[in-house]
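Asks: When we follow our numbering, the leftmost residue of the sequence shown carries the number 1487, and every step to the right adds one.
Quick reminder that beta carbons are idealized off the backbone N, C-alpha and C, glycines included.
Note that this is a predicted model, so its numbers are computed, not measured.
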Amino acid sequence: MPKVKFDVNGQITEVETEAGETLLQVGLDNGIPIEHACGGNGFCTTCLCKVKSGGENLGERNDKEDNMGITEVSERLGCQATVEGDVEVEVLET
Ligand code: FES
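1. Can you say whether residue 1519 is buried or exposed, counting buried as having 16 or more other CB atoms within 10 angstroms of its CB?
2. When burial is assigned at 16 or more other CB atoms within 10 Å of the CB, is residue 1556 buried or exposed?
3. Could you tell me which of 1498, 1574, 1494 sits nearest to residue 1538, measuring between CA atoms?
4. If residue 1526 sits next to residue 1550, beta carbons under 8 angstroms apart, how far is it from one beta carbon to the other, in whole angstroms?
5. According to DSSP, which residues form a beta bridge with residue 1568?
6. Here's the rule: buried if 16 or more other CB atoms are within 10 angstroms of the residue's CB, otherwise exposed. What is residue 1567?
7. Could you say which of 1569, 1496, 1564 lies nearest to residue 1510 if we only look at CA atoms?
8. DSSP beta-bridge partners for residue 1499?
9. Quick check on the burial criterion: 16 or more other C-beta atoms within 10 angstroms. Buried or exposed for residue 1502?
10. Closer than 8 angstroms to a non-hydrogen atom of ligand 1 - does that hold for the CB of residue 1526?
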């Protein structure tokens, strides 16, 4: 099972998840405080995550991320990026 390491203000939490879940869903299921003002619909950027490693193990960037201007390799919307393998992210807005 994929492992996700969340960095929230320097506090690291590592969890396992099913492949295909979004970073936001994985985080919320495990008590990680990820903001999600638009309800996970890709219309805000409060769930923004900085990819520290394993970016190739996230699902492909989608139109919602492009539309919100999230185009840097190191940045993903937590509610849109699916986990397909091990990844480490920093939660930017808490
Ligand atoms: S929760 Fe709003 S874009 Fe992800």
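Replies: Checking against the coordinates, here is how it stands:
1. exposed
2. buried
3. With distances taken between Cα atoms, residue 1538 lies closest to 1574.
4. 10 angstroms between Cβ atoms; not a contact.
5. Answer by DSSP bridge pairing, in chain order: 1508.
6. buried
7. 1564
8. 1492.
9. exposed
10. yes
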